[in-house]
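Quick note on numbering that gives the first Met the number 0: the sequence shown kicks off at 0 and runs consecutively.
Working notes, structure below.
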Amino acid sequence: MSGGSDPRRFAVSDGSPLRLLWIISPLLLFVGLSLYHLRQPAEAGAMPFAITLAPPYFTLHGSAAWSLAIAALLTVLLCGLFFRRRVQLDGNVLSVHSTFYRKHTPVEQMDLPNAAVVDLKQDRRHGLRHKTNAYSMPGFHSGHYRLQDGGKGFALVTDVHRVLVIPVRDGPTLLLSMAEPQSLLDALRRAAAPARRPR
């Protein structure tokens, strides 16, 4: 599918690391509740493995340590995925990697004349309506969405006020927060232009 040239990467707009508080804060609350549980001695004859409806949710031999370990692992995983973003043009294929998701789109399927930089808060067609399979928090959106016009979208959005929207024929619209959206758009148009034959 690629054209054989060296892949070219394009910088994604930086999202504020403070958004990680949406991940860290509830997990810190969970850790606090679990630590409070740890203050209480394990009941004699506690079952080897128990599941409850309140923190720490499950225990092993009366200990909440496994809950804490899983909470810590989940925090590290979700925070790491927040920074997993890559937009790369390899020949005539645009590859977008965002958190859990990947999307490879041939340039010939893109409707580049109608591509534009928009504010998703104001755009009535391309605004994100709801998630179908996505990882998101306020100001950050990654994965598959339904758009305001009812169409499908694939998003890597770190700044909702400045998003490069690329319609795709027979595929989801790409919504990308790029540091230099015009640079990516120019590269896509060059890739889409028919090669000139030597005379």
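Glycine included, C-beta positions come from ideal geometry on N, C-alpha and C.
- Approximately 11 Å separates the beta-carbon atoms of residue 88 and residue 191; this is outside 8 Å, ruling out the contact.
- For residue 180, the uninterrupted alpha helix (DSSP H) segment begins and ends at 180-191.
- Distance from the CA of residue 172 to the CA of residue 184, rounded to the nearest whole angstrom, comes to 14 Å.
- Exclusion of the five residues before and after residue 166 leaves 110, 113 and 172 as the residues of its chain whose Cβ lies within less than 6 Å of its Cβ.
- Scanning 72, 152 and 106 for the CA closest to the CA of residue 128 turns up 152.
- Here residue 102 is buried. Its C-beta has 16 or more other C-beta atoms within 10 Å.
- Counted as a single uninterrupted DSSP element, the beta strand (DSSP E) harbouring residue 96 occupies residues 92-97.
- 123 is the residue among 29, 98 and 123 whose C-alpha sits nearest the C-alpha of residue 164.
- CA-CA distance, residue 138 to residue 99, rounds to 17 Å.
- Residue 159 places its beta carbon 8 Å or farther from that of residue 175.
- Taking 3 residues as the minimum length, the beta strand (DSSP E) runs contained wholly in the stretch 116-144 are 127-136, in order along the chain.
- Between residue 177 and residue 12 the beta-carbon gap is near 6 Å, inside 8 Å, which marks them as a contact.
- Note: residue 153 is bridge-paired with 143 and 173 in the DSSP secondary-structure output.
- Ranked by Cα distance from residue 31, the options 79, 66 and 147 are led by 66.
- Closest by C-alpha distance to residue 93, out of 79, 133 and 108, is 108.
- Per the C-alpha coordinates, the member of 20, 106 and 147 positioned closest to residue 168 is 106.
- By the CB criterion at 8 Å, residue 133 and residue 125 fall outside the cutoff.
- Secondary structure note for residue 101: its beta strand (DSSP E) is the uninterrupted segment 100-105.
- Residue 8 carries a strand assignment under DSSP once its states are collapsed to helix, strand and coil.
- In this model, residue 121 and residue 149 are separated by some 16 Å (Cα to Cα).
- If you check the CB distance, residue 84 and residue 155 come in under 8 Å.
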